[in-house]
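Enquirer:
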Amino acid sequence: MLQGSYRGLTNFVTEIRDCKTYDLEKERVTKELEKVQSILSEPKSKPYDRIKSTLKLLYIQTLGYDISSFENHCLSMAKSPNYLEKRAGYLTFPTFLGTETATQDRIMRILQADLVASDANVKLLALSTLSSLSPSETNSKAIIDNVVPLLMQKCSRDLYQRAISCLSLLCSTETGWKFLTSQDAAHMLQKCLTEKDPGLLTSTVSFLYKLIFVAKEVGQQNIFSFLLPGLFQVLNIWLLDSSFDSSSYSYYEIPCPFLLSNVWKLIGLFPASTIMEFNRQSKSLISNLFLKCLSYIRNGDHSNRRNASFSISFEALKVVSKLPFSRDLFIHSLTLIMSLISEDVRPTTRYFVLRALTELSFLPETWTNIQRNFSILLPFSQSQGVDKEREEPLWFHLSVELLSSVCNANNVEQVLDYILRICSMFSLSDLQQRLVMDKCLSLTKRFLQNEEKLFTVVVVLLSVCDEAKTGEITNLFLTQLHGSKSLQSESMKQFSQLLYSGSLLEPGLLRLIFLVFPMHSYLLISSGACNAVDVITLLYRQMCYHKKLYSLQSSFLNFLMKWIECHPEAVATAVDILKKYTTSQDLEVQIRACEYLKFISSQLRSYE
Amino acid sequence: MSSVCLFVNIQQSAVKLYSHSVMRQFEWLLKFLLGMIRFLLIINNHGKARLTKFYSFYSEEQQQKLVRECYALVTRRGEEMCNFLEASFPFLENDLRIIYRHYATLYFVCGVDAVESELGILDLIQVFVETLDRCFENVCELDIIFHPDKVHYVLDEIIVGGLVMETNVTEIYNAVQLANNQEARLLHGNKALNRVFRQ
Numbered sequence: 001m002l003q004g005s006y007r008g009l010t011n012f013v014t015e016i017r018d019c020k021t022y023d024l025e026k027e028r029v030t031k032e033l034e035k036v037q038s039i040l041s042e043p044k045s046k047p048y049d050r051i052k053s054t055l056k057l058l059y060i061q062t063l064g065y066d067i068s069s070f071e072n073h074c075l076s077m078a079k080s081p082n083y084l085e086k087r088a089g090y091l092t093f094p095t096f097l098g099t100e101t102a103t104q105d106r107i108m109r110i111l112q113a114d115l116v117a118s119d120a121n122v123k124l125l126a127l128s129t130l131s132s133l134s135p136s137e138t139n140s141k142a143i144i145d146n147v148v149p150l151l152m153q154k155c156s157r158d159l160y161q162r163a164i165s166c167l168s169l170l171c172s173t174e175t176g177w178k179f180l181t182s183q184d185a186a187h188m189l190q191k192c193l194t195e196k197d198p199g200l201l202t203s204t205v206s207f208l209y210k211l212i213f214v215a216k217e218v219g220q221q222n223i224f225s226f227l228l229p230g231l232f233q234v235l236n237i238w239l240l241d242s243s244f245d246s247s248s249y250s251y252y253e254i255p256c257p258f259l260l261s262n263v264w265k266l267i268g269l270f271p272a273s274t275i276m277e278f279n280r281q282s283k284s285l286i287s288n289l290f291l292k293c294l295s296y297i298r299n300g301d302h303s304n305r306r307n308a309s310f311s312i313s314f315e316a317l318k319v320v321s322k323l324p325f326s327r328d329l330f331i332h333s334l335t336l337i338m339s340l341i342s343e344d345v346r347p348t349t350r351y352f353v354l355r356a357l358t359e360l361s362f363l364p365e366t367w368t369n370i371q372r373n374f375s376i377l378l379p380f381s382q383s384q385g386v387d388k389e390r391e392e393p394l395w396f397h398l399s400v401e402l403l404s405s406v407c408n409a410n411n412v413e414q415v416l417d418y419i420l421r422i423c424s425m426f427s428l429s430d431l432q433q434r435l436v437m438d439k440c441l442s443l444t445k446r447f448l449q450n451e452e453k454l455f456t457v458v459v460v461l462l463s464v465c466d467e468a469k470t471g472e473i474t475n476l477f478l479t480q481l482h483g484s485k486s487l488q489s490e491s492m493k494q495f496s497q498l499l500y501s502g503s504l505l506e507p508g509l510l511r512l513i514f515l516v517f518p519m520h521s522y523l524l525i526s527s528g529a530c531n532a533v534d535v536i537t538l539l540y541r542q543m544c545y546h547k548k549l550y551s552l553q554s555s556f557l558n559f560l561m562k563w564i565e566c567h568p569e570a571v572a573t574a575v576d577i578l579k580k581y582t583t584s585q586d587l588e589v590q591i592r593a594c595e596y597l598k599f600i601s602s603q604l605r606s607y608e
Numbered sequence: 001m002s003s004v005c006l007f008v009n010i011q012q013s014a015v016k017l018y019s020h021s022v023m024r025q026f027e028w029l030l031k032f033l034l035g036m037i038r039f040l041l042i043i044n045n046h047g048k049a050r051l052t053k054f055y056s057f058y059s060e061e062q063q064q065k066l067v068r069e070c071y072a073l074v075t076r077r078g079e080e081m082c083n084f085l086e087a088s089f090p091f092l093e094n095d096l097r098i099i100y101r102h103y104a105t106l107y108f109v110c111g112v113d114a115v116e117s118e119l120g121i122l123d124l125i126q127v128f129v130e131t132l133d134r135c136f137e138n139v140c141e142l143d144i145i146f147h148p149d150k151v152h153y154v155l156d157e158i159i160v161g162g163l164v165m166e167t168n169v170t171e172i173y174n175a176v177q178l179a180n181n182q183e184a185r186l187l188h189g190n191k192a193l194n195r196v197f198r199q
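What follows is the structure in structure tokens.
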């Protein structure tokens with residue numbers, strides 16, 4: 001057990017805890033800050049008091065008080081030759097890391113001095129702080145000059161771990177990148193991956209992930225493909241090598257889950273072709289590694305063990321699913337994943353299952369399994385007890401992602417049905433509306449051939465999305481509608497049924513009606529299925545529910561003008577409606593109504 | 001591929017990378033990739049921060065807002081809910097993923113970039129807690145309140161600069177214990193300090 005504490009600090013914490021109100025706490029903190037100020041300003045104060053005062057500052061900062069005025073004192077502490085003072089000073093450093101350049105330079109000078117210190121503990125402190133700095137050319141140069149030599153020569157485990165973490169700053173600067181893509185760095189990185197110590201490998205892989213991620217973003221990840229054999233070697237040793245004792249690093253009977261899932265994640269950054277090319281036997285090796293990872297999955301087990309197994313299996317699945325393996329392997333994975341799902345499944349298990357199924361979406365069996373288990377796959381489709389408001393975003397996003405990933409030309413209608421079913425269960429946030437709209441529009445454009453279904457999709461989308469997004473949905477509808485006679489008549493019938501039913505229509509749907517009715521309703525009117533005068537009366541009734549939507553009112557007035565052009569028998573009704581809008585609260589609507597009335601009367605006069 | 005050939009490729013690619021356009025992409029990356037783990041917070045059931053550690057720079061005001069917002073996000077979630085959530089804070093440029101675990105009176109909240117593995121971080125929080133448990137023998141909120149320095153030292157053995165450095169509880173415990181013994185030894189050297197340093 002860790003022993004020892006600074007009595008003054010303990011007393012101060014106790015006093016703060018005894019403060020009944022925020023004002024009392026603030027008063028106590030202010031008093032203490034004055035005391036700390038006097039101790040840290042006094043050159044002859046005892047090291048113990050200075051350490052204690054610095055730790056008090058750290059505690060005060062955690063409470064939410066500003067300690068930036070103590071910057072100089074903390075930097076002086078870090079400069080101190082006394083190790084404990086230095087350590088306490090370094091603890092406060094993150095507070096000042098984003099401050100002005102002069103401070104950054106001072107911090108860098110202190111760090112540079114400590115990096116070349118003979119005391120390994122001092123070096124450790126400096127390296128930990130250095131890795132927290134923002135990337136810059138100066139920092140990169142300091143790392144290349146002072147930190148890289150530590151890695152090139154033999155250094156202690158602690159130093160190595162911190163030094164390799166510092167290298168991550170090099171990923172984002174020109175000087176750093178130049179070094180990381182050099183021969184020296186290639187040798188060094190390859191050597192790092194041959195380490196057997198999982199602690200060293202964990203820090204190495206954390207750094208490499210950042211490096212390859214940056215390389216991938218600039219399309220250059222293949223220049224680091226020489227790391228692949230080393231990465232697979234790590235997996236091979238920890239997962240398949242029976243002579244290797246991994247018990248000391250096992251976590252709930254799973255060897256090094258964090259390290260191994262990170263290695264899989266790192267491999268996944270490379271293109272599939274690069275992964276398959278690195279070794280002739282790579283296919284069978286990867287398949288064996290993957291099966292071993294899957295073997296750790298067990299349902300109903302201890303939650304930490306379960307999470308660890310999910311973490312490692314999911315990252316492995318992400319890699320394997322993009323490689324050309326036999327169907328049997330994927331079917332085996334699918335069966336195993338589906339066996340995890342049940343009605344009372346834990347949230348992390350559900351999370352794993354939904355994401356894993358998304359990775360296996362290319363299998364036709366995945367869709368069959370989703371259909372079969374839809375009611376238990378998604379939490380909101382079965383339980384009423386779950387607080388939907390709070391839980392929905394994650395499940396909502398995962399389900400929509402999963403459904404759109406399994407969509408194809410054969411199942412598009414059912415997939416859209418499922419998506420719309422999920423939508424109808426919730427009041428969607430702006431982000432969710434955007435997600436649903438994007439997914440549905442893209443699926444409709446790619447796969448949907450059934451024109452009647454399109455109408456249903458558009459109507460539901462218009463009802464769940466807000467006004468800003470109706471333009472995009474309407475455009476899609478009109479594009480698809482163009483040149484389709486059957487759709488025109490069918491959709492017009494459905495529109496008129498909606499209108500005659502008297503139910504309140506969404507503004508988006510009304511906007512769509514304003515756009516398509518003047519152009520395509522002639523079939524309905526000519527067949528006598530609906531009346532031109534009734535249509536505008538019913539629409540006006542709908543508009544009475546949207547008195548504050550002035551842009552919608554303007555669209556309605558435009559619609560009226562187009563409508564009476566096609567159906568002159570409705571002029572009298574249209575004039576009555578326009579007169580009502582001349583007293584609208586919105587000036588633009590008022591002006592528009594007056595101008596249209598003037599235009600109609602001049603037209604009527606010219607006819608006469 | 002021979003090693004000579006490999007290095008020629010590396011150097012050729014490296015030359016390509018120095019082009020202006022690529023460096024402009026780095027500038028973009030700088031904004032988004034300062035740290036894979038952005039912060040770790042320990043907050044109690046009443047919203048009091050017991051430990052705050054930020055691996056990317058956030059102003060004092062942003063830090064406090066993050067503590068408040070994270071508490072507001074996690075506290076209203078039930079035990080049966082998932083431990084991950086996407087969070088969009090109006091005062092921050094980028095969205096974050098929040099991964100948290102609730103133990104007795106404390107929430108351990110970790111903010112990470114979109115590329116970080118949620119399940120991995122969930123394990124990492126457990127490792128941190130197990131290490132604290134070993135260091136303080138059945139850790140409770142009071143241990144974290146009265147030994148903020150030691151909790152920081154434990155965390156510094158696990159995460160450095162937003163990257164995970166060590167996940168083995170025994171290794172972390174040994175390193176912290178070693179540092180603690182050294183602290184005690186150094187304080188022993190000074191009699192005045194020894195008197196006030198409670199063993």
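Line by line, the protein sequences are chains R and W. Residue numbers for the first sequence follow the UniProt record's numbering, so the first one is 1 and each next one is one higher. Residue numbers for the second sequence follow the UniProt record's numbering, so the first one is 1 and each next one is one higher. Beta carbons are placed, not taken as given, at the ideal position from N, Cα and C, and that holds for glycine. Quick caveat: nothing in here was measured; it's all calculated off a predicted structure.
Does DSSP put VAL139/W in a helix, in a strand, or in coil?
Expert: Reduced to three states, the DSSP call for VAL139/W is coil.
Enquirer: Between GLY385/R and TYR209/R, what straight-line distance do the alpha-carbon atoms span, to the nearest angstrom?
Expert: Because GLY385/R sits at a pLDDT of 48, beneath the cut-off of 50, its placement in the model cannot be relied upon, and the point is left open.
Enquirer: In whole angstroms, what separates the C-alpha of CYS135/W from that of GLN177/W?
Expert: One C-alpha to the other measures close to 8 Å.
Enquirer: Could you spell out where the beta strand (DSSP E) holding ALA87/W opens and where it closes?
Expert: Residues 84 to 87.
Enquirer: With a cut-off of 8 Å, does the C-beta of ASP438/R fall near any C-beta of chain W?
Expert: Chain W, which has no Cβ nearer than 8 Å to the Cβ of ASP438/R, makes this no.
Enquirer: I'd like to know whether the C-beta of GLN384/R is nearer than 8 Å to at least one C-beta of chain W.
Expert: Only weak support is given to the placement of GLN384/R: the predicted model assigns it a pLDDT of 49, under 50, and the value that follows is read from those uncertain coordinates. Not one chain W Cβ lies under 8 Å of GLN384/R.
Enquirer: Have a look at LEU560/R, LEU498/R, GLN542/R, GLN494/R and flag the residue whose alpha-carbon is nearest the alpha-carbon of PRO518/R.
Expert: Ranking the options by Cα distance to PRO518/R, first place goes to LEU560/R.
Enquirer: Among ALA316/R, GLN371/R, VAL320/R, which residue has its Cα nearest to the Cα of MET338/R?
Expert: Of the candidates ALA316/R, GLN371/R, VAL320/R, the one whose C-alpha sits nearest the C-alpha of MET338/R is GLN371/R.
Enquirer: Output, in sequence order along the chain, the residues in the stretch 149 to 162 of chain R whose CB is closer than 9 Å to any CB in chain W.
Expert: Per Cβ criterion, the list reads ARG157, ASP158, GLN161, ARG162.
Enquirer: Out of VAL164/W, ILE125/W, ASN138/W, LEU40/W, which has the shortest C-alpha to C-alpha gap to residue 212/W?
Expert: Only positions 1 to 199 of chain W appear in the structure, and residue 212/W is not among them; the question remains open.
Enquirer: Give the interface partners of VAL400/R over in chain W, defined as CB-CB distance under 9 Å, in chain order.
Expert: Within chain W, no residue comes near VAL400/R; the closest Cβ sits about 13 Å away, beyond 9 Å.
Enquirer: Distance check for SER56/W and VAL74/W, CA to CA, integer angstroms please.
Expert: If I take the Cα positions, the gap works out to 21 Å.
Enquirer: Helix, strand or coil: which one does DSSP assign to TYR65/R?
Expert: It is coil, neither helix nor strand.
Enquirer: Considering CYS423/R, what are the terminal residues of the alpha helix (DSSP H) in which it resides?
Expert: Taken as a continuous stretch (DSSP letters only), the alpha helix (DSSP H) holding CYS423/R covers 412 to 425.
Enquirer: Quick check: ILE99/W and THR131/W, are their CB atoms within less than 8 Å of each other?
Expert: It is not a contact, given that the beta carbons lie outside the stated cut-off.
Enquirer: Short of 7 Å Cβ to Cβ, which residues in the stretch 123 to 134 of chain W face chain C?
Expert: Given the protein chain composition of this structure (R and W), no chain C is represented.
Enquirer: Using a Cβ-Cβ distance cut-off of 8 Å, determine whether ASN450/R contacts chain W.
Expert: Taking Cβ atoms only, chain W never reaches closer than 8 Å to ASN450/R, which makes this a no.
Enquirer: Could you name the residues of the same chain whose beta carbon sits closer than 6 Å to that of VAL436/R, not counting the 5 residues immediately before and after it, in chain order?
Expert: Closer than 6 Å at the Cβ level, and outside the excluded window around VAL436/R, lie CYS423.
Enquirer: Starting from HIS102/W and walking both ways along the beta strand (DSSP E), at which residues does that stretch end?
Expert: Note, HIS102/W: beta strand (DSSP E), 96 to 103.
Enquirer: Taking 8 Å as the threshold (beta carbon to beta carbon), is THR105/W in contact with chain R?
Expert: Not one chain R Cβ lies under 8 Å of THR105/W.
Enquirer: Count the other CB atoms, across all protein chains shown, that sit within 10 Å of the CB of ILE591/R; report buried if there are 16 or more and exposed otherwise.
Expert: Result: exposed.
Enquirer: In three-state DSSP terms, what is TYR58/W?
Expert: Coil, per DSSP.
Enquirer: Who are the Cβ neighbours of PHE179/R in its own chain at under 8 Å, not counting the five residues just before and after it?
Expert: Taken in chain order, the residues that qualify are SER140, ILE144, VAL148, LEU170, ALA185.
Enquirer: If you draw a straight line from the alpha carbon of ARG38/W to that of LEU515/R, how long is it in whole angstroms?
Expert: Answer to the nearest angstrom: the Cα atoms are 49 Å apart.
Enquirer: Considering only C-alpha positions, which residue in the set LEU538/R, ILE564/R, VAL457/R, PRO81/R is nearest to TYR522/R?
Expert: Taking only the C-alpha atoms, the option nearest TYR522/R is ILE564/R.
Enquirer: Ignore the nearest five residues each way along the sequence and tell me which others in ILE110/R's own chain have a CB closer than 7 Å to its CB.
Expert: Around ILE110/R: LEU75, ALA78, LYS79.
Enquirer: For the beta strand (DSSP E) that ASN44/W lies in, which residues bound it at each end?
Expert: Unbroken beta strand (DSSP E) run through ASN44/W: 37 to 44.
Enquirer: By Cβ distance below 6 Å, which residues in the same chain neighbour ASN315/R in space, the five residues on each side in sequence not counted?
Expert: Contrary to the premise, residue 315/R reads as Glu rather than Asn in this sequence. SER261, TRP264, LYS265.
Enquirer: Is the stretch 4 to 13 of chain R touching the stretch 51 to 65 of chain R, taking contact as three or more C-beta pairs under 8 Å?
Expert: With the cut-off at 8 Å, the stretch 4 to 13 of chain R and the stretch 51 to 65 of chain R touch.
Enquirer: State yes or no: is the C-beta of LEU317/R within less than 8 Å of the C-beta of GLU359/R?
Expert: Yes.
Enquirer: Assuming GLU401/R contacts ILE376/R under a Cβ cut-off of 8 Å, what Cβ separation, rounded to an integer in Å, is found between them?
Expert: Actually they are not in contact, since the Cβ atoms of GLU401/R and ILE376/R sit about 18 Å apart, beyond 8 Å.
Enquirer: Closest by CA to THR583/R, which one among LEU604/R, LYS562/R, GLN553/R?
Expert: Per the Cα distances, GLN553/R.
Enquirer: Is there contact here, the stretch 247 to 256 of chain R with the stretch 103 to 115 of chain W, by at least three beta-carbon pairs under 8 Å?
Expert: Contact fails: fewer than three Cβ-Cβ distances are below 8 Å.
Enquirer: Given a limit of 8 Å on CB to CB distance, which residues of the stretch 286 to 314 of chain R reach chain W?
Expert: Listed by position along the chain: ASN304, ASN307, ALA308, PHE310, SER311, PHE314.
Enquirer: Between which two residues does the beta strand (DSSP E) containing GLY230/R stretch?
Expert: That residue, GLY230/R, is in no beta strand (DSSP E); its alpha helix (DSSP H) goes 228 to 235.
Enquirer: Would you say TYR71/W reaches chain R, if we count a Cβ-Cβ gap shorter than 8 Å as a contact?
Expert: With 8 Å as the cut-off, TYR71/W does not count as an interface residue toward chain R.
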